[in-house]
Every structure is written in C-alpha cells, then in structure tokens.
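One structure is given below, encoded as structure tokens.
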Amino acid sequence: MLNSYLLLSASLFCIGLYGALSKKNAVIVLLSIELMLNAANVNIIAFSKYGINPSLTGHVFSLFSMTVAAAEVAVGIAILIMLYRNRGISDVTKMDVLKK
Amino acid sequence: MDTRLFAADLLDMLPELTLFIAIIIISLLDLFWPKNASKKGIGVLTLIALIVSAGFLIYQRIHLDGVISLLNDSYLVYHYGILFKLIVLLGVSLIVMMSFGAIRDKDIPHIGEYYVLLMPAALGAMIMASSADIITLFIGLELLSISSYILVALRKHHTKSNEAAFKYIVLGSIASAFILYGMSFLYGMGGSTNLFQIGATLQSLESSFHPMIYVSFFLLLVGFGFKLAAAPFHTWAPEVYSAAPTPVVSFLAVISKAAMLIFMFMFLPVYFVPLDPVQNLTIYSDVVLTLHVVAAISMIVGNIVALMQKNVKRLLAFSSIANAGYFLVVLSTDRPGELVYYLVAYLLMTIGIFAVVTALENSAEHQDISIFSGLYFTAPVTAVMTVILLLSLAGIPLTMGFLGKFFILLGVIQVKTYWLAAIMIVSSVISFYYYFRIIRLMFMRSHSEHTTIKVPVTTMIVIAICVVATIFFAFFPQYMLSFIEWT
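Residue numbers (this note's numbering), protein chains in the order written: chain A, 1 to 100; chain B, 101 to 587.
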C-alpha cells in the first residue's frame with residue numbers, strides 16, 4: 001500500500017518540477033510549485049498511516065505545510081500582479097531584463 | 101518528555117516573544133504614523149526591539165545551565181543556539197543602521213514596512229536556531245524565506261527588482277518543496293518529527309531502507325544548496341543581488357546564509373550517525389564527500405566567475421557563493437566553534453563592504469565597479485576602511501577573514517582531505533585578483549568619478565564597527581573563542 005502512495009507522490013513531484021521549469025505562463029509555474037508541495041504532503045500522510053513507525057505527527061505536519069504553501073503562493077501571486085502592472089507580461093520567457 | 105507548555109516556560113522564549121510582540125506593535129504603529137513625519141522613527145523602534153531581544157539572549161546565556169527543552173524537544177535553548185541567535189540579531193541590527201542612510205523614499209514607497217519585515221525574517225532565523233523538530237525548522241525557514249521574498253520585491257516601481265523578486269520566489273519555493281519532500285522521507289523512516297529520535301531510529305533501520313536515506317539527503321541537499329547559494333544551485337544569486345536594494349542584499353548574503361547554516365548544523369548530525377558498523381555501510385562518508393564536492397564546485401565557480409564581473413553587486417554575489425563553499429567545508433568537518441568564528445568574520449566584512457557600496461551607489465546612481473575609482477582622493481577614511489574589509493574578504497593575515505579561513509584549512513587538513521585543502525588555497529589566491537582590482541581602482545586618481553561623496557553618519561558607524569571588530573578579533577581571537585567555548 002505504501003509503495004503506491006510513494007509512487008503517486010513521486011510522480012506528482014516530478015510533474016510539478018517539470019511544469020515549474022518548463023511552462024511559459026507564470027501562473028502555471030506557481031501552480032506547479034503548489035503541486036510539488038502537495039506531493040510532499042501526500043508522502044507525509046502516507047507515511048503517517050502506512051509507514052514503518054506510523055504516528056499522528058504527520059497529520060499535524062501536513063497541516064502546517066499546507067498553511068505555509070498557501071502563504072507562499074499568495075506572496076508569489078502578489079509579486080506577479082506587481083510585475084504585470086509594471087510591464088504587462090505574465091510570460092516567464094519574456095522576463096529577461098536582468099540578463100542584459 | 102513534557103509536551104505541555106506552561107506560562108513559566110514562556111520566559112525561556114523571551115527573546116523570540118520580544119520580537120514577536122514588537123512586530124505586531126510596530127506594524128500597527130506604522131499604519132498610524134503621521135504622514136509628514138520621517139519613517140526613520142520606525143527604524144529606530146525596530147533597532148530598539150532587536151537590541152532588547154539581544155539583551156534577553158545575553159541574560160539567558162549568562163544564566164544558562166545545560167539544555168532547556170520545551171514542548172517535547174521541539175524547542176531547545178542551548179549553547180550554540182544562543183550564539184547563532186546573537187549573530188543573527190547583530191547582523192540585522194547592523195543592516196537596520198545601514199538602511200537609515202541608504203534606503204531612499206523614491207526607491208521604496210513603504211519604508212515602514214521595510215523595517216517591520218526585517219523582524220519576522222530575524223524571528224524565523226531565531227526559531228530555526230532553537231528547534232530540533234522538523235516542523236518548527238520548516239516553519240522557521242519559511243518565515244524567513246517569505247519575508248525575504250517580500251523584502252526583495254519592495255522596490256515596487258522598479259522593473260528589474262520585480263523580475264528578480266519573481267525569479268527568487270519561484271526558485272525559492274521550488275527549493276522549499278525539495279526540502280519538504282526530503283523531510284517527508286526522513287519523517288517516514290524515523291516515525292517522528294524530532295531530529296534526535298529520527299537519528300536514533302535511522303541507526304536501527306533494516307538495510308533495505310538505506311536507499312531512502314540517500315534519497316532524503318540528496319533532496320535536502322538541493323534545497324540547502326539553493327538557499328545557501330552554493331554552486332551548482334547558485335544561478336539566482338547574481339540576478340537577485342544586482343536588482344534588490346543593497347541593504348536587502350546584505351540581508352540575503354548574511355542572515356539567510358547564516359540561518360541556512362544553522363539549519364544544516366541541526367540537520368546533518370542525523371546523517372552523521374553510524375549505520376550498522378558490521379556491514380560497513382558508508383553513508384557518513386558519502387554525505388561528507390557530497391558536501392565536499394559541492395563546496396569545491398562553489399569555491400571554484402564563485403571565484404572564477406567573479407573575475408569577469410563588472411557590476412559590483414554581481415561580483416559580491418559570486419564572492420558570497422565562494423564563501424558558501426568555505427562554510428560547507430566547516431560544516432562537513434563538524435566543528436561548531438570554527439563555524440561561529442568564520443560566520444562572525446563573514447558577517448562583519450560582508451555587511452561592511454555592502455555599507456560602502458550603498459553609499460557609493462547612491463551618489464553615483466549606478467552599480468558599475470568604477471564607483472570605487474579614485475575613492476582614496478575623495479573620501480580617504482572610507483577608502484582605507486574599505487581596503488581593510490577587502491583584505492579580510494580576500495583572507496590576508498591580520499584580519500578575521502584570514503584567521504577564519506586558516507581554522508577551516510586546519511580542520512580540513514586534520515581529516516586528511518588534502519585535495520579540498522588544495523582547492524581552497526588555489527581558489528583563495530584567485531580571489532585576490534578581483535578584490536585587489538577594487539583596491540587598485542580606489543587609488544587611481546585619473547578615473548575619479550565623484551567630486552565629493554557624502555557617506556551618511558549611520559553608514560559610517562556601521563563601516564567603522566565592522567572594521568574595528570575585524571581587526572580587534574584578528575589580534576585577540578582568544579576573546580571570541582573563549583566566549584564561544586564558554587559553558
């Protein structure tokens with residue numbers, strides 16, 4: 001049982017990482033990051049039920065990490081809105097002024 | 101093993117509580133602050149809160165007897181934790197002082213928020229320094245990270261700054277996700293979020309679970325490497341450093357890095373436990389080897405790429421990447437005393453040099469390395485102090501930077517990792533070239549760009565504190581070392 005959950009979370013993590021690194025739209029990038037954080041949550045919950053030493057702390061941990069992920073993405077969206085107001089773009093490939 | 105928190109236990113958390121209450125009060129005060137009054141008052145209040153908190157810490161240090169453990173070991177008050185917290189508070193106080201003269205209204209529309217946000221970031225670092233539990237460590241890390249994302253983004257109307265902030269938050273969140281994913285494996289194997297219990301359980305695991313220990317370590321390493329700006333995870337650093345306000349850059353270079361070192365200092369012992377000596381498993385040596393490789397890459401990449409930089413802040417970014425390498429070397433040798441000494445040295449010289457950069461950059465309105473040219477003829481005192489700071493960064497004898505590097509080198513030679521010692525020496529020699537290029541520029545009259553340079557008084561005080569301490573603790577390292585070792 002544990003293995004299938006671990007596989008699920010590993011694939012979620014990889015999809016998230018792929019999306020965060022390759023997608024053009026900044027909102028999708030933030031979404032993919034959320035996917036990565038949630039993959040870790042799936043992992044924690046699976047371990048707290050089917051792990052070698054099951055314990056309740058995992059549930060508490062996942063609650064904390066969900067809250068943190070929400071705060072993180074809120075700040076991310078705020079920064080994106082600021083960027084959109086100043087430059088009118090949400091395409092990450094066009095964010096290249098720093099390279100010049 | 102008491103899992104309850106009593107009112108009397110709050111006394112042990114007094115330094116953190118002070119900051120926490122100050123954050124609430126000062127952020128509310130900021131809202132009601134008179135429109136035409138200077139926001140520097142908020143900065144002064146922040147400075148007072150930081151100093152009061154440091155005062156409580158020193159009181160705690162004097163009366164410390166063993167280790168105080170709260171909430172089932174998730175919150176520890178112990179010897180090195182207090183030292184790390186004092187370092188963080190010293191760094192943030194210097195940065196606040198530097199900001200008085202450096203942050204201008206046209207740069208940051210909401211200066212009050214800038215000062216207020218430095219406090220939760222410091223609080224996050226302090227929480228990390230005193231927790232031995234995965235959950236509290238993660239919360240502390242995120243408190244620090246999210247505050248620093250906002251700090252980088254504070255120059256609202258500056259497109260470069262916006263872009264840097266977005267890149268920083270995307271890459272920073274990916275690193276957090278890596279850390280969380282790595283922690284989840286550690287929790288799964290240990291069955292507890294407490295680092296001591298995890299460490300004890302890992303030793304008795306069957307060997308079929310050992311690959312998972314490696315998985316968790318490498319996932320954590322990616323996150324650590326990113327937040328520490330160690331190569332090959334360093335690419336965000338030059339861009340963010342060049343676009344963020346300079347005091348914030350010094351915050352990222354010093355406090356974020358220090359907090360991450362504390363984090364690793366708490367975390368790595370979990371992997372340092374010997375696994376089943378009968379089967380001769382080598383996870384300990386693998387962990388150390390990986391740290392050494394990352395350290396070596398950081399030192400080489402940081403110092404060589406810095407040679408080609410024309411932007412001063414980018415140059416300092418690469419110098420901080422190289423320093424991340426030195427820090428990783430100390431961590432792998434597991435010598436907390438040397439770590440604290442070099443951390444203080446790094447803090448003083450980096451904050452000092454960034455204070456100089458803020459003053460020059462504000463009067464020249466650009467960040468090219470030529471802002472240093474002819475400095476000796478326009479502001480001789482500042483120039484001489486800058487030379488001392490640069491010599492310390494380069495690691496020339498009679499400075500703290502030299503002694504710190506020397507201690508690290510001795511540690512490496514003691515564990516017989518000669519290849520790493522060789523890389524350290526060679527890369528330090530390479531670094532002389534770009535530090536001395538700045539010194540040479542300062543003494544050339546012909547290219548002088550400024551007619552006069554006004555260094556604000558507070559900035560001057562910060563530079564002077566850094567220079568005096570750098571020299572004092574180089575001549576009398578025994579004072580600091582005995583304070584570090586004092587029990």
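Don't be surprised by glycine CBs; every beta carbon is placed ideally from N, CA and C.
Under the Cβ criterion of 7 Å, MET66 of chain A is not counted among the residues facing chain B.
The beta carbon of ILE469 of chain B is closer than 6 Å to those of LYS410, VAL412 in its chain, skipping five residues each way along the sequence. If you draw a straight line from the Cα of THR458 of chain B to the Cα of SER308 of chain B, it comes to about 55 Å.
Not a single C-beta of chain A is nearer than 7 Å to the C-beta of GLY240 of chain B. The beta carbon of VAL567 of chain B sits closer than 7 Å to the beta carbons of GLY452, MET485, ILE488, LEU489 from its chain, once the five residues preceding and following it are set aside; these are given in chain order. In the DSSP assignment, the residues bridged to ASP91 of chain A are A:ASN25. Within 8 Å of the CB of LEU37 of chain A, the CB atoms of chain B belong to SER273, SER276, ALA277, LEU280, in sequence order along the chain.
If only complete runs of 4 or more residues are kept, the stretch 234 to 276 of chain B shows the alpha helix (DSSP H) at 234 to 253, in order along the chain. Nearest Cα to GLY511 of chain B within the set B:VAL188, B:SER527, B:PRO436, B:ILE187: B:PRO436.
In terms of CA proximity to VAL29 of chain A, B:VAL270 leads the group B:VAL270, B:ILE123, B:LYS554. Listed in chain order, the alpha helix (DSSP H) elements of length 4 or more contained wholly in the stretch 17 to 83 of chain A are 26 to 50. DSSP places TYR518 of chain B in the uninterrupted alpha helix (DSSP H) bounded by 518 to 542. Contact annotation: the stretch 382 to 393 of chain B does not touch the stretch 243 to 261 of chain B, with fewer than three C-beta pairs closer than 8 Å. Under the Cβ distance rule, VAL27 of chain A does not count among the residues neighbouring chain B, no pair being separated by less than 7 Å. For MET82 of chain A, the residues of chain B that pass the 7 Å Cβ criterion are ALA253, LYS256, ASN262, in the order they occur in the chain. Under a criterion of Cβ atoms nearer than 8 Å, no residue of chain B is adjacent to THR93 of chain A; the nearest Cβ is some 12 Å distant. In the DSSP assignment, the residues bridged to ILE168 of chain B are B:VAL177. Taking C-beta atoms as the reference points, GLY19 of chain A and SER32 of chain A count as a pair closer than 7 Å. Among the residues facing chain A, THR293 of chain B is included, as its CB has a counterpart in that chain under 7 Å away. Rounded to the nearest whole angstrom, the C-alpha separation of GLU72 of chain A and PHE64 of chain A is 12 Å. Spatial neighbours of LEU361 of chain B in its own chain (CB-CB distance under 6 Å, excluding positions within 5 residues in sequence) are listed in chain order as PHE427. Selection B:ASP207, B:ALA422, B:MET219, B:GLY501 evaluated against LEU189 of chain B yields B:MET219 as nearest (Cα-Cα). The beta carbon of HIS334 of chain B sits closer than 6 Å to the beta carbons of ILE421 from its chain, once the five residues preceding and following it are set aside; these are given in chain order.
Within chain B, the residues whose beta carbon sits less than 8 Å from that of SER55 of chain A are GLY291, SER292, listed in sequence order.
In the three-state reduction of the DSSP assignment, ASP205 of chain B falls in the coil class, being assigned neither a helical nor a strand state. Using beta-carbon distances, PHE266 of chain B counts as an interface residue toward chain A, with a partner under 7 Å.
For the options A:THR93, A:VAL97, A:LEU98, A:LYS99, the alpha carbon positioned closest to that of SER22 of chain A is the one of A:THR93. With a threshold of 7 Å between beta carbons, ILE33 of chain A makes contact with chain B. The DSSP-derived three-state label of ASP109 of chain B is helix.
Under the 7 Å criterion on CB atoms, ALA71 of chain A is classed as interfacial with respect to chain B. Linking ALA455 of chain B to LEU186 of chain B through their CA atoms gives a straight-line distance of about 20 Å. Residues of chain B whose Cβ lies closer than 9 Å to the Cβ of LEU98 of chain A are, in chain order, LYS260, GLU263, ALA264, LYS267, PRO338, GLU339, VAL340, SER342, ALA343. By the C-beta criterion, the stretch 560 to 574 of chain B is judged to be in contact with the stretch 189 to 201 of chain B, since at least 3 inter-stretch pairs fall below 8 Å. Remark: fewer than three beta-carbon pairs, one from each stretch, lie closer than 8 Å, so the stretch 53 to 61 of chain A and the stretch 210 to 229 of chain B are not flagged as touching. About 4 Å separates the beta carbons of GLY212 of chain B and ASP130 of chain B, which is inside the 8 Å limit, making them a contact pair.
The beta-carbon separation of PHE278 of chain B and LEU241 of chain B, rounded to 12 Å, does not stay under the 8 Å limit for a contact.
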